[in-house]
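Basically my numbering = 1-based index in the sequence shown + 1132.
See structure below.
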Amino acid sequence: MLQINHLTITHRRDLRTVLDDFNFVLNPGDRAVIVGEEGNGKSTLLKWIFDPALIASYADAEGTRATRGEAMGYLPQELPAADKEKTVYDFFSEREAFQSASPRTLASLANRLGLDDSAWYAPQPMATLSGGEKVKLQMAALLLAEPDILLLDEPSNDVDVETLEWMEELIAGWRGGVLFISHDETLIERTANRVVLLEQLRRKTASRWTVANMPFRQFMAERAALFDKQAQLAGSERREEKKALEKFRRIQQSVERAQENISRADPAGGRLLKKKMASVKAMEKRYAREHEDMTAYPEAEAPILIRFHDLPRLPAGKTVLDCALPELRCGERVLARNVALRVRGPEKVGITGKNGAGKTTLLRAVHKMLRPRDDLRVFYMPQDYEELLDLDETPLDCLVPSGDREALTTARTYLGSLRYTAEEMFRPARGLSGGQKAKLLLLKLSLSETNVLLLDEPTRNFSPLSGPEIRALLRGFPGAIISVSHDRRYLAEVCDTVYRLTEDGLVLQ
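Rendered as structure tokens:
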């Protein structure tokens, strides 16, 4: 059992409270998912639970956490910098659980994760692995330690479909408690039996948390129904209040006119009007009390607002890409042969495949082919946002490098629609969450006059609350999209055509 009592977390930089008096208990068999918009403190909460020292450099925390001796295993969202330069073998050899594991245990775990039996001893630096390979190896190290409680920050990021299905089985069948963050709606719906929702309201000046003991889809449906009912009741009460106030004002005005016109020779009539005015004042106070007790309109974080502005539709017959690669290489290693891909008009293409198959390498090759073309305007969104973002620049610097005052005002408006606070707009990008960086690139994309998008895992850092908006945005893009993704919801809702990259080339799914 994991118990959290009266936890409050405040960011030091802007003194923003991301969690206020949070109380939560995780029991064996609980599979609780933490959801919330980007930058709402999900990863910060998970870090604090595992080790409060992990957030000590940027946040203050008050509260307690306790277990009954259960060991916790933590999967961070990003591979720690200290581990990136290690070889795979060094990464594992430093772990006591690896040293004591039998060859049979290692072979079994490698098989479950789709790894080669010799993967543990590879001389390859961890930093050079694909995103999915890093996640797999970190999960392997975590499981070798045999924890009782799993704390998983984006375990679905960048892993292939086979590993996603394994991850679903692992979480769903875990006997201890699982507390995880994920942007994969399919994984959440298939595994989570509890929901922890973190929200930032009123332009991030107020925090709110909700714990629901039900599956995610049921929670979202009941929440929407509750909000609709509350909004209808609040609206009805205000309409009735308006009618009552109009009647009250007519009475008040009638008494006031009578007082103005009454003769001083009629003291009895004056006393009567004075009593009527006292009644009017009492009625006014009663209405004020009733107004305070009225049902409030439901508060929720507003949906993100990104739109492509008046982009012309790419002609259906236009050839965007017609390539045939005899070999797809990464250094000396041949990843695939006979890779052929043809894209025409505003087609939406998804490419999936096993981790390490070469999907990102292929997307980079496509970018290299399309970039020189004068008839296309290409925007490439890499898996690693740092390839496009200068982390020392602010979001405003990124959007308006010229510093034009009018353009800066427009950029601030757009960033505000994405729930950036004024302080975050002027903060270097390195202080932003992964989701906030993704939003920034998506906004930069929406403001550009592009007609071809090359997207490497475009939904990997968007919350399941933002996911439907992002998919609708990309589905409505009037140009072509060539994307790499393992997001099953994205592939089904956005892509017209889905290919699987294999050693023998692209195969239609």
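Where a beta carbon is used, it is the ideal one built from N, C-alpha and C, also for glycine.
Taking the C-alpha atoms as reference points, what is the distance between residue i and residue j?
i, j, result
"Asn1325", "Asp1285", "17 Å"
"Ala1561", "Ala1539", "19 Å"
"Tyr1622", "Thr1582", "21 Å"
"Leu1238", "Ala1338", "48 Å"
"Pro1533", "Leu1573", "14 Å"
"Ile1483", "Arg1227", "36 Å"
"Pro1279", "Glu1625", "37 Å"
"Ala1390", "Leu1405", "8 Å"
"Leu1467", "Met1271", "24 Å"
"Gly1637", "Ala1543", "42 Å"
"Gly1477", "Lys1450", "5 Å"
"Arg1632", "Phe1182", "37 Å"
"Arg1537", "Leu1521", "21 Å"
"Glu1301", "Arg1307", "12 Å"
"Gly1463", "Gly1490", "12 Å"
"Gly1367", "Ala1428", "9 Å"
"His1618", "Lys1374", "53 Å"
"Arg1607", "Asn1155", "40 Å"
"Glu1646", "Glu1422", "This structure cannot settle anything about residue 1646, because the visible part of the chain is limited to 1133 through 1641."
"Cys1530", "Thr1629", "33 Å"
"Pro1235", "Ala1242", "10 Å"
"Pro1212", "Pro1287", "15 Å"
"Ser1240", "Asp1454", "42 Å"
"Pro1610", "Lys1480", "10 Å"
"Val1584", "Asn1593", "21 Å"
"Arg1465", "Leu1261", "13 Å"
"Leu1147", "Leu1564", "15 Å"
"Asp1425", "Glu1369", "10 Å"
Using only CA atoms, which one of the options lies nearest to residue i?
i, options, result
"Gly1566", "Ile1136, Thr1142, Thr1196, Glu1210", "Glu1210"
"Val1475", "Val1452, Lys1486, Gly1485", "Val1452"
"Arg1334", "Val1150, Thr1295, Phe1558", "Val1150"
"Asp1507", "Val1616, Arg1592, Ala1414, Pro1447", "Pro1447"
"Arg1620", "Asp1636, Gln1641, Glu1202, Lys1361", "Gln1641"
"Glu1170", "Thr1318, Ser1615, Leu1597", "Leu1597"
"Thr1493", "Arg1439, Ser1615, Gly1548", "Ser1615"
"Gly1161", "Lys1374, Ser1175, Leu1134, Leu1605", "Leu1134"
"Pro1257", "Ala1353, Ala1229, Ala1214, His1499", "Ala1214"
"Leu1276", "Phe1230, Glu1301, Pro1235, Gly1309", "Phe1230"
"Leu1457", "Thr1140, Leu1358, Ala1472", "Ala1472"
"Glu1297", "Gly1309, Asp1628, Glu1321", "Glu1321"
"Thr1199", "Leu1443, Asn1137, Ser1314", "Asn1137"
"Gly1488", "Ile1281, Leu1605, Glu1424, Leu1269", "Leu1269"
"Arg1340", "Glu1555, Asn1172, Leu1547", "Asn1172"
"Asp1248", "Ser1234, Ser1232, Glu1265", "Glu1265"
"Arg1244", "Thr1295, Gln1385, Leu1329, Asp1628", "Thr1295"
"Ser1411", "Glu1392, Ser1288, Thr1176, Arg1381", "Arg1381"
"Thr1591", "Tyr1517, Pro1184, Gly1246", "Tyr1517"
"Lys1569", "Arg1439, Ala1554, Leu1547, Ile1613", "Leu1547"
"Asp1153", "Thr1140, Arg1145, Arg1144", "Thr1140"
"Arg1445", "Thr1553, Ala1612, Gly1599", "Ala1612"
Would you check if the distance between the CB atom of residue i and the CB atom of residue j is smaller than 9 Å?
i, j, result
"Ala1251", "Val1291", "no"
"Met1346", "Val1327", "yes"
"Phe1351", "Ala1164", "no"
"Ala1363", "Tyr1419", "no"
"Leu1207", "Val1267", "yes"
"Ala1188", "Lys1216", "no"
"Gly1195", "Gln1515", "no"
"Ile1383", "Met1415", "yes"
"Ile1303", "Val1310", "yes"
"Leu1282", "Gly1205", "yes"
"Lys1571", "Leu1330", "no"
"Arg1509", "Ser1595", "no"
"Ala1185", "His1143", "no"
"Leu1575", "Leu1550", "yes"
"Leu1586", "Leu1495", "yes"
"Glu1556", "Pro1527", "yes"
Tell me, please, which residues DSSP counts as bridged to residue i.
i, result
"Asp1192", "Thr1142"
"Tyr1631", "Ile1483, Leu1640"
"Gln1135", "Val1157, Ala1198"
"Gly1205", "Leu1282"
"Glu1459", "Arg1469"
"Ala1164", "Leu1311, Arg1326"
"Val1616", "Ile1483, Asp1588"
"Pro1257", "Thr1219"
"Phe1230", "Its beta-bridge partners do not exist; DSSP assigns none."
"Arg1474", "Asp1454"
"Val1510", "Val1584"
"Leu1151", "Ile1141"
Entirely within the segment 1306 to 1377 and at least 3 residues each: give me those beta strand (DSSP E) ranges in chain order. Runs of the beta strand (DSSP E) inside the segment 1306 to 1377: 1310 to 1313, 1326 to 1333, 1338 to 1344.
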